[in-house]
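In the working numbering, the protein residues as written are 185 to 474. Think of the CB as a built atom: it goes at the ideal place given N, C-alpha and C, for glycine as much as any other residue. As structure tokens, the structure follows; a few thoughts come after it.
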């Protein structure tokens with residue numbers, strides 16, 4: 185019998201699941217990059233070594249007599265390997281029994297959403313582990329002094345290197361500012377799983393997350409944060425077909441597993457956030473006091 189025209193086939197449903205999952209993830213990434221003012225992710229091949237960079241040297245300022253040779257100023261860029269951009273692979277299997285009992289929406293699409301949130305949290309956790317390699321330190325007595333000291337520390341380092349920052353991004357544990365928020369009129373929004381405050385205590389760009397230890401703060405200029413994604417084209421050439429979007433951050437594939445009477449979800453990510461200059465990362469510790 186000939187198939188009906190315009191019928192909805194299994195492949196159409198699977199494709200829509202792939203697209204929806206990628207759309208949900210990329211929507212959150214897009215919001216994060218919008219808030220941070222980052223450019224689109226840089227695409228690199230999986231296995232590429234990632235580096236931090238530090239420029240050293242100084243300007244030769246000696247006076248030059250008329251006709252004399254001008255002395256050279258000397259600078260160099262030191263590269264330090266910090267990680268290798270790789271892919272991370274995840275898989276979820278939903279049995280036919282679970283689908284029949286809970287319904288397709290509960291058994292597959294809701295668990296897909298939870299899977300994406302967990303993957304997002306893993307990407308953030310890796311970023312905050314990386315921040316701990318930063319070299320700057322500051323101490324502030326009380327919350328307001330904490331913000332002031334960490335900004336002063338970073339601005340001092342930037343100015344000493346002839347740099348500047350348009351914006352400094354702060355990452356704080358939510359319990360450290362909970363008492364202040366109780367009596368303050370602030371507007372918050374959720375961005376990539378973190379609560380974002382555009383302005384608080386006269387300071388801009390604050391993210392609250394439990395991935396920062398209570399009593400501490402991490403800060404870095406927004407220009408220092410870079411987002412990378414893996415090139416999925418090589419996987420497609422090998423027959424591994426993932427639904428992706430521009431940016432190489434995530435690939436999704438759904439398929440039926442008749443051997444186990446199950447629906448499978450495959451997710452591969454190539455997302456990595458790093459800060460390029462470790463000297464432009466500062467950790468602040470709160471001192472108890474006024």
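Can you tell me whether residue i is buried or exposed? The criterion is at least 16 other CB atoms within 10 Å of its CB, across all chains shown.
i           : result
residue 242 : exposed
residue 388 : exposed
residue 436 : buried
residue 382 : exposed
residue 318 : buried
residue 370 : exposed
residue 292 : buried
residue 316 : exposed
residue 417 : exposed
residue 407 : buried
residue 247 : exposed
residue 451 : buried
residue 346 : exposed
residue 442 : exposed
residue 200 : exposed
residue 304 : buried
residue 284 : exposed
residue 324 : buried
residue 440 : exposed
residue 438 : buried
residue 254 : exposed
Quick one: grab the DSSP three-state call for residue i.
i           : result
residue 395 : coil
residue 295 : helix
residue 257 : coil
residue 226 : strand
residue 337 : helix
residue 250 : coil
residue 361 : helix
residue 348 : coil
residue 242 : strand
residue 422 : coil
residue 236 : strand
residue 286 : helix
residue 271 : coil
residue 214 : helix
residue 476 : Any property of residue 476 remains undetermined from this structure, which presents the chain solely from 185 to 474.
residue 277 : strand
residue 220 : helix
Contact defined as beta carbons within less than 8 Å: I believe residue i pairs with residue j. What is the distance between those atoms, to the nearest angstrom?
i           : j           : result
residue 276 : residue 469 : No, residue 276 and residue 469 are not in contact; Cβ-Cβ is about 40 Å, not under 8 Å.
residue 338 : residue 405 : 7 Å
residue 426 : residue 433 : Contact doesn't hold; Cβ gap of about 11 Å is too wide.
residue 466 : residue 322 : 6 Å
residue 454 : residue 422 : With 8 Å as the limit, residue 454 and residue 422 do not qualify as a contact, their Cβ atoms being about 15 Å apart.
residue 464 : residue 365 : Contact doesn't hold; Cβ gap of about 28 Å is too wide.
residue 456 : residue 234 : 7 Å
residue 353 : residue 220 : 7 Å
residue 296 : residue 205 : 5 Å
residue 239 : residue 261 : 5 Å
residue 393 : residue 378 : 5 Å
residue 327 : residue 385 : 6 Å
If the criterion is Cβ atoms closer than 9 Å, does the pair residue i and residue j meet it?
i           : j           : result
residue 273 : residue 306 : no
residue 355 : residue 403 : yes
residue 410 : residue 269 : no
residue 210 : residue 373 : no
residue 447 : residue 314 : no
residue 376 : residue 215 : yes
residue 445 : residue 280 : yes
- Item | Continuous beta strand (DSSP E) assignments of at least 3 residues falling wholly in the segment 304-329 | 320-325
- Completely contained beta strand (DSSP E) runs for the segment 444-472, where each covers 3 or more residues: 446-453, 456-459, 466-471
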